[in-house]
Amino acid sequence: MVEVRYFAWLRERLGTDRETIASGASTVIELVAELRRQSEAHDLVFSDLAGIRAAVDQELVDMDHPIANAQEIAFFPPMTGG
Amino acid sequence: MVEVRYFAWLRERLGTDRETIASGASTVIELVAELRRQSEAHDLVFSDLAGIRAAVDQELVDMDHPIANAQEIAFFPPMTGG
Amino acid sequence: MSIDIRVQSAAFDLGAEVNAFAAAAQGAGAVVSFTGVVRDLPEEPLAHMEIEHYAGMTEKALLHIAKEAMARWPLVRVLIIHRYGVLAPSEKIMMVATASPHRKAAFESADFLMDYLKSRAPFWKKEARHDGRADWVEAKDEDEAALAAWKKS
Amino acid sequence: MSIDIRVQSAAFDLGAEVNAFAAAAQGAGAVVSFTGVVRDLPEEPLAHMEIEHYAGMTEKALLHIAKEAMARWPLVRVLIIHRYGVLAPSEKIMMVATASPHRKAAFESADFLMDYLKSRAPFWKKEARHDGRADWVEAKDEDEAALAAWKKS
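So this is what it looks like as structure tokens:
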């Protein structure tokens, strides 16, 4: 089981800030493919990955990053702090 | 008559911060030549112009700058503000 | 060497922070501060700004950025304060401060901290208008470009 | 657009100045400050610093520098405060502040102001030691080089 977290417009469009799912994915991009099968909203949110960033256990990573033993995977738009 | 002003180590070595002299110089470098004839201290202070800057009427200028009708000529080392 | 990171919803007193920072930066000689303010333009009025962040990751990311600055420049002190939650126009969003014996190091490291923080710390801004419309602020290509420039040098 | 230049022997309150500056910089979004502090190093103790300046020319030079920055960057506000006279270790020598809608403009213009001020405003620093020795601070080649870089760009 892995905890998936959403921020900003992803959170708004999915109507939730987190969900716990059973995943067999070994990389972030594989997890995205699983998530897209969850619902139409998921499919839509992840339809264009150009505007989405991912973090594995609170570290920013590329989409092909492994997620072995990860506790928490997060998806969000490019950051706009400062 | 022109007012000549000195700052920092030039002022200290000459023992004065200003003097009024009758000058026939038409450029700063010509004035320097006149000043060097004033005293041994003057001659020494102006012996190496690499470390001396000049201002004509409170504007930083090159040594060959004209001084026609200038009220005040100043000599000082490179600035060290900030 | 000292790093001070604060992520908070409460307002901060920029002047008091800068004074305390400079006082504690013994031997530094050069102190630079940057402050981001919620813009308040009559022609484009904002009702408020809302800042979301990823608690936990935010602190880690800011600490990482501050350590990277400390490793690159001779800094005696780094401060980063960043707010989240609802902010009114003219309120201060965040600040960074750097202290160094060298003026260029203080400037460059503060600039670097801002470039990294802007694109690598998990904050997202939303601008709410008086008509109820609210839009997420979009990341700018120039921000990623600014980051890339530090990698080259 | 507003320029505030102050040349004074009295101390100034950095924090109060930064707060007032940011408050008056409506719509700016980005505020940068630089402060120069009399260094206070245990291994190289100073009795005090003495700053001489060319009253009259100083104000003109600083105004010229501030106007040049305003012409080069989209700034809404520039502040320069520079002290002269006798300063103790840890005292603030001077400060500049810039406010702009753009973060890079605020950083670059403050950096520019410092580079110009350092080599073009008529101030001279003298460092007095506890043994009575006092030396004029020498200008650095790197300061002239920093200035030259702005002319190219």
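Chains as they are written, first to last, in the working numbering: chain D, 1 to 82; chain R, 83 to 164; chain P, 165 to 317; chain X, 318 to 470. All C-beta atoms, glycine included, are put in the ideal place defined by N, C-alpha and C. Nothing here was measured: the structure is a model prediction, and the numbers come from that model.
Asked: When DSSP builds the beta bridges, which residues end up paired with GLN172 (chain P)?; Found: P:ARG247
Asked: Note down, in chain order, each residue of its chain lying with its Cβ closer than 8 Å to the Cβ of VAL393 (chain X), except the 5 sequence neighbours on either side.; Found: MET318, SER319, ALA342, GLN343, GLY344, ALA345, ALA416, SER417, PRO418
Asked: Could you confirm whether any beta carbon from chain P is found closer than 8 Å to the beta carbon of SER350 (chain X)?; Found: yes
Asked: Which residues in chain X sit within 8 Å of MET161 (chain R), going by Cβ to Cβ distance?; Found: LYS435, SER436, ARG437, ALA438, PRO439, PHE440, TRP441, ALA456
Asked: In whole angstroms, what separates the C-alpha of HIS381 (chain X) from that of ALA50 (chain D)?; Found: 47 Å
Asked: Thinking C-alpha only, which one of P:ALA230, P:HIS212, P:TYR248, P:MET213 is nearest ALA219 (chain P)?; Found: P:TYR248
Asked: 8 Å is my cut-off, CB to CB: does GLY220 (chain P) come that close to chain D?; Found: yes
Asked: When you compare the segment 42 to 56 of chain D with the segment 91 to 107 of chain R, are there three or more beta-carbon pairs, one atom per stretch, that lie closer than 8 Å?; Found: no
Asked: Does any residue of chain X have a CB that is nearer than 8 Å to the CB of ALA186 (chain P)?; Found: yes
Asked: Determine the burial state of ASP428 (chain X): buried for a count of at least 16 other Cβ atoms within 10 Å of its Cβ, exposed for fewer.; Found: buried
Asked: Does LEU60 (chain D) come within less than 8 Å of chain P when only Cβ atoms are used?; Found: yes
Asked: Please confirm if LYS231 (chain P) has its CB atom under 8 Å from at least one CB of chain D.; Found: no
Asked: Give the interface partners of ALA194 (chain P) over in chain X, defined as CB-CB distance under 8 Å, in chain order.; Found: PHE351, THR352, GLY353, VAL354
Asked: Can you pull the chain R neighbours of HIS365 (chain X), defined as C-beta to C-beta under 8 Å?; Found: Near HIS365 (chain X) there are no residues of chain R at all, since even the closest Cβ is about 16 Å away, more than 8 Å.
Asked: So, helix, strand or coil for VAL202 (chain P), using DSSP?; Found: coil
Asked: Tell me the residue span of the alpha helix (DSSP H) that contains LYS377 (chain X).; Found: 374 to 389
Asked: Along the chain, where does the alpha helix (DSSP H) that runs through PHE76 (chain D) open and close?; Found: Here PHE76 (chain D) belongs to no alpha helix (DSSP H); instead the beta strand (DSSP E) covers 72 to 76.
Asked: Residues bridged to LEU434 (chain X) by DSSP?; Found: LEU434 (chain X) is not bridged to any residue.
Asked: Helix, strand or coil: how does DSSP classify SER426 (chain X) here?; Found: helix
Asked: Tell me whether LYS304 (chain P) sits in a helix, a strand or coil according to DSSP, three-state version.; Found: coil
Asked: Between ALA180 (chain P) and chain X, is any beta-carbon pair separated by less than 8 Å?; Found: yes
Asked: Tell me the rounded alpha-carbon separation between GLU116 (chain R) and VAL348 (chain X).; Found: 50 Å
Asked: In chain order, what residues of the same chain have a beta carbon less than 6 Å from the beta carbon of GLU216 (chain P), not counting five sequence neighbours either side?; Found: TRP288
Asked: Taking 8 Å as the cut-off, does the segment 167 to 174 of chain P touch the segment 451 to 468 of chain X (at least 3 CB pairs, one atom from each stretch)?; Found: no
Asked: Mind checking whether MET278 (chain P) and LEU251 (chain P) have CB atoms under 8 Å apart?; Found: no
Asked: Please report the Cβ distance between VAL4 (chain D) and ILE67 (chain D), rounded to the nearest whole angstrom; I am assuming they are in contact, meaning their Cβ atoms lie under 8 Å.; Found: Not quite, the Cβ-Cβ distance comes to about 10 Å (not below 8 Å), so this is no contact.
Asked: In the structure shown, what three-state DSSP assignment does ARG446 (chain X) receive?; Found: coil
Asked: What residues of chain X sit near GLY191 (chain P), judged by a beta carbon separation below 7 Å?; Found: ARG356, ASP357, LEU358
Asked: Should GLU40 (chain D) be labelled buried (16 or more other beta-carbon atoms within 10 Å of its own) or exposed?; Found: exposed
Asked: With distances taken from CA atoms, which of X:PRO406, X:LYS384, X:PRO391, X:ALA414 is nearest ILE397 (chain X)?; Found: X:ALA414
Asked: For ILE111 (chain R), which residues of its own chain have a beta-carbon under 6 Å away from its beta-carbon, when the five flanking residues on both sides are left out?; Found: MET145, ASP146
Asked: From P:ARG267, P:SER197, P:LYS315, P:ALA211, pick the residue whose C-alpha is nearest to that of ASP295 (chain P); which is it?; Found: P:ALA211
Asked: What's the C-alpha gap between VAL395 (chain X) and VAL45 (chain D)?; Found: 45 Å
Asked: Once you ignore the five residues that flank TRP300 (chain P) on each side, which residues in its own chain have a CB closer than 6 Å to its CB?; Found: LYS290
Asked: Smallest Cα separation from HIS124 (chain R): which of R:THR162, R:ARG100, R:ALA152, R:MET161?; Found: R:ARG100
Asked: For SER426 (chain X), does the count of other Cβ atoms within 10 angstroms reach 16, so buried, or fall short, so exposed?; Found: buried
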